[in-house]
Amino acid sequence: MPIATLTLELAIEHAQSLKDRRQVVRSLKDKLRHGFNISVAELDEAVVWNRATLGIAAISGSPAYLAGQLREVEEAARRLAAGLGAEIVDSFLESDVVLDALDAEPDAQTE
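Below, the structure is given as structure tokens:
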């Protein structure tokens with residue numbers, strides 16, 4: 001089953017405090033979650049006020065659909081980040097196919 005992750009590096013130049021940073025990160029995470037059927041998490045510690053890293057994960061039965069969906073997510077994230085006064089400075093897409101456990105090992109009861 002195809003699984004893909006998208007990592008986004010954000011620059012939040014106007015952030016003067018952790019509160020400013022949290023506001024941008026939380027808003028972006030919530031909007032992406034509600035707009036797409038994906039999981040979103042902050043990956044780094046909130047040590048640097050004007051930087052953040054988001055991890056996005058999605059799963060689908062179709063690798064083509066999954067790749068298209070995450071391209072749409074990245075484009076939406078860029079637009080949303082710009083509206084929040086942030087910029088995506090780097091992104092990394094990784095895709096994997098995970099075998100179903102039932103396909104990988106024969107069932108002992110059916111032999």
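The opening position of the sequence shown corresponds to residue 1 in the UniProt record's numbering, with each subsequent residue numbered one higher.
Ideal placement from N, C-alpha and C gives every residue a C-beta, glycine not left out.
Quick caveat: nothing in here was measured; it's all calculated off a predicted structure.
**Prompt:** Between Gly61 and the rest of its own chain, which residues show a CB-CB distance below 8 Å, the 5 nearest in sequence each way excluded?
**Reply:** Met1, Pro2
**Item:** Cut-off 6 Å between Cβ atoms - residues of its own chain near Ala4, not counting five sequence neighbours on either side
**Value:** Ala58, Leu66, Leu70, Ser95
**Request:** Could you please give the first and the last residue of the uninterrupted beta strand (DSSP E) stretch that includes Ala11?
**Result:** Bounds of the beta strand (DSSP E) holding Ala11 are 2-11.
**Spatially closest choice to Glu45 from Ser91, Leu54, Ser39, by CA coordinates** = Leu54
**Item:** When Phe92, Leu6, Leu93, Leu18 are compared against Arg51, the one with the closest alpha-carbon
**Value:** Leu18
**Asked** Going by alpha carbons, who is nearest to Ser91 out of Phe36, Gln23, His34, Ala76?
**Response** Of Phe36, Gln23, His34, Ala76, the residue nearest in Cα terms is Ala76.
**Message:** Am I right that Ser39 and Ile12 are in contact with their C-beta atoms under 8 Å? What's the rounded C-beta distance?
**Reply:** Actually they do not touch by this definition, with Cβ atoms about 22 Å apart.
**Prompt:** For Leu6 versus Val25, is the C-beta spacing smaller than 9 Å?
**Reply:** Note that the C-beta distance between Leu6 and Val25 is not below 9 Å.
**Message:** Can you tell me whether Arg21 is buried or exposed? The criterion is at least 16 other CB atoms within 10 Å of its CB, across all chains shown.
**Reply:** buried
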